[in-house]
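Numbering (the working numbering), first residue to last: 269 to 377. Backbone N, C-alpha and C define an ideal beta-carbon position, used for all residues, glycine too.
This is the structure:
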């Protein structure tokens, strides 16, 4: 059986700003960076995509609510397996992330 990697796409208000944030945190360049989609390779073969809200809105039309209408409302949590969580946390804060809680061992990892 062929094993496929997981892909995650976050709908973002500003593709360039979001790309720059993840470049700083992950310390890697995107594997794809074109108008409408930025992708980063993740451990285990996964991919993190960043798509502008207006891009997904154009694809979905009227079938689902406009993601931009929920701007400022928490819509996702993203957990990444990394070799040095504390360093990634520091870089995320330096790049403008809001800390909800400091790094800690959790029941889920």
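Practice task
Have a look at the DSSP bridge pairing and note the partners of residue 317.
Solution key: 277, 307
Exercise for the section: Measure the alpha-carbon distance for residue 370 versus residue 323 and round it to whole angstroms. Expected result: 33 Å
Practice task
Could you tell me whether the Cβ atoms of residue 293 and residue 363 are closer together than 8 Å?
Solution key: yes
Handout entry: Spatial distance of residue 297 from residue 368 (CA atoms)
Key = 26 Å
Exercise for the section: Compare the Cα-Cα distances from residue 277 to each of 271, 295, 335 and report the closest residue. Expected result: 335
Practice task
Please name the residue, chosen from 288, 304, 360, that lies closest to residue 348 on a Cα-to-Cα basis.
Solution key: 360
Practice task
Run the CB neighbour count on residue 303, radius 10 Å, all protein chains shown included, and call it buried at 16 or more, exposed below.
Solution key: exposed
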